[in-house]
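First the structure, in the form of structure tokens, and then the observations on it.
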Ligand code: HEC
Ligand code: HEC
């Protein structure tokens with residue numbers, strides 16, 4: 155086969171795969187689309203491209219278009235699609251944010267919300283929102299924060315101190331510190347099966363399972379500095395406590411390195427529901443895991459942008 159024929163063949167098969175995926179997204183998403191439109195009409199949304207509108211109105215419009223199906227019109231986490239999800243959409247009226255760079259008990263910064271929009275919350279239906287421009291992310295982040303009426307002006311990110319050199323000694327120290335500070339919840343092997351695991355509840359009295367730290371990806375802590383932040387600031391609204399005040403930075407780094415070393419090579423259990431082909435298309439590092447496939451069905455615009463690797 156000559157080169158041109160080969161190219162044509164490749165191009166055709168790629169297009170066929172793409173069209174099937176889009177069709178699949180279209181079919182599975184159309185039901186949601188109608189309900190989302192109904193909700194949009196209810197709150198009287200304006201065209202999100204209306205450049206005269208103030209940032210707040212723009213944020214509200216973007217929210218109504220892309221977030222309302224899960225997080226709900228009033229931001230209380232009770233969108234029409236929430237019933238389908240095991241990990242429930244955040245209730246923004248509570249002011250409790252899990253993923254932030256500020257100390258436990260203090261509000262997040264607008265940048266923290268934007269970071270969530272860029273990274274998504276892996277293993278949950280909260281996909282990265284790459285269909286939005288940076289400006290749109292900023293507007294919708296401000297709108298999200300307005301539900302809880304917190305004063306975010308005082309929010310100060312904590313600094314992640316420079317990482318020490320990795321060594322056997324530091325790993326051993328991390329292991330010891332892990333056993334005394336983390337194992338009751340995360341288990342002695344970090345598999346999420348500590349003695350307290352089954353009894354833990356979040357602030358809404360829903361079960362709150364400690365992460366299995368041997369699986370990847372984690373929700374957020376997938377780089378050493380994000381892991382450092384999680385250990386230092388805790389996860390607001392859940393039993394995961396902050397260690398910022400009880401451990402020294404070098405001890406937190408030791409635990410950080412140890413947790414990274416727990417990675418078993420296994421992925422978070424995937425629950426594909428016939429989304430295998432799409433998982434394949436996302437490439438090795440972007441396999442759909444946990445409830446991400448349901449997120450794809452509900453949140454077509456974000457799913458499409460993520461799949462295409464489109465980053466505005
Ligand atoms: C398909 C459902 C779905 C859609 C659509 C969705 N989210 Fe989410 N979102 C979730 C879920 C579920 C979580 C909770 C993850 C967790 O608690 O682990 C979440 C979490 C978040 C968080 C993190 C909150 C925290 O605790 O730190 C932010 C911020 C957020 N969403 C903003 C948005 C915005 C803004 C949009 C629209 C542009 C949006 N989401 C669209 C399902 C969704
Ligand atoms: C009292 C119980 C408890 C203790 C003690 C605890 N955790 Fe957690 N941890 C949790 C729970 C619950 C979650 C899940 C929160 C969620 O995702 O909603 C969690 C989540 C995590 C995550 C996952 C973050 C992500 O991105 O998904 C990491 C990492 C973590 N804990 C590390 C630690 C380390 C390290 C220690 C000890 C220094 C520790 N935890 C101590 C309960 C605990």
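Residue numbers (the numbering used here): 155 to 466.
We treat Cβ as the ideally placed atom computed from N, Cα and C, and that holds for glycine.
Once the 5 residues before and after residue i are set aside, which same chain residues still bring their CB inside 7 Å of it?
i           : result
residue 383 : 255, 314
residue 225 : 231, 233, 243, 244, 246
residue 403 : 315
residue 448 : 238, 239, 279
residue 455 : 220, 285
residue 311 : 255, 256, 263
residue 406 : 382, 385, 386, 397
residue 378 : 317, 410, 414
Counting only the same chain and skipping the five closest in sequence on each side, list residues whose C-beta sits under 6 Å from that of residue i.
i           : result
residue 266 : 254, 255
residue 354 : 362, 393
residue 356 : 362, 391, 392
residue 425 : Below a pLDDT of 50, predicted positions are generally treated as unreliable, and residue 425, at 48, falls in that range; the measurement from the model is reported next regardless. Excluding residues within five positions, none has a Cβ falling inside 6 Å.
residue 341 : 347, 348
Run the proximity test for residue i: is its beta-carbon closer than 7 Å to any non-hydrogen atom belonging to ligand 1?
i           : result
residue 413 : no
residue 267 : yes
residue 226 : no
residue 253 : yes
Quick check on DSSP: helix, strand or coil for residue i?
i           : result
residue 374 : coil
residue 403 : helix
residue 256 : strand
residue 451 : helix
residue 333 : helix
residue 210 : helix
residue 186 : With a pLDDT of only 42 at residue 186, under the threshold of 50, the placement of this residue in the model should not be trusted; the figure read from the coordinates follows. The answer is helix: DSSP assigns residue 186 an H, G or I state.
residue 359 : coil
residue 218 : helix
residue 289 : helix
residue 457 : helix
residue 421 : strand
residue 328 : helix
residue 198 : Confidence is the limiting factor: at residue 198 the pLDDT is only 36, short of 50, which leaves the residue's position unreliable and the question unanswerable from this model.
Excluding the 5 residues flanking residue i on each side, which residues of the same chain have their C-beta closer than 8 Å to its C-beta?
i           : result
residue 216 : 202, 286, 290, 293, 294, 297
residue 349 : 338
residue 281 : 274, 446, 449, 450, 453, 456, 457, 460
residue 210 : 293, 296, 297, 300
Nearer than 7 Å: is that true of the beta carbon of residue i relative to any heavy atom of ligand 2?
i           : result
residue 443 : no
residue 386 : no
residue 230 : no
residue 373 : yes
residue 248 : no
residue 244 : no
residue 392 : yes
residue 389 : yes
residue 397 : yes
residue 378 : no
residue 409 : yes
Measuring alpha carbon to alpha carbon, tell me which of the options ends up nearest residue i.
i           : options            : result
residue 376 : 274, 222, 249, 218 : 274
residue 443 : 228, 301, 220, 373 : 373
residue 421 : 213, 330, 312, 370 : 370
residue 343 : 414, 360, 358      : 414
residue 258 : 270, 398, 236, 462 : 398
residue 416 : 400, 458, 346, 304 : 346
residue 235 : 451, 462, 459, 460 : 451
residue 411 : 229, 227, 332, 276 : 332
residue 268 : 378, 319, 213, 334 : 213
residue 324 : 359, 249, 368, 408 : 408
residue 336 : 400, 308, 229, 307 : 400
Can you find a C-beta in chain C that's less than 8 Å from the C-beta of residue i?
i           : result
residue 286 : Included in the structure is just one protein chain, with no chain C present.
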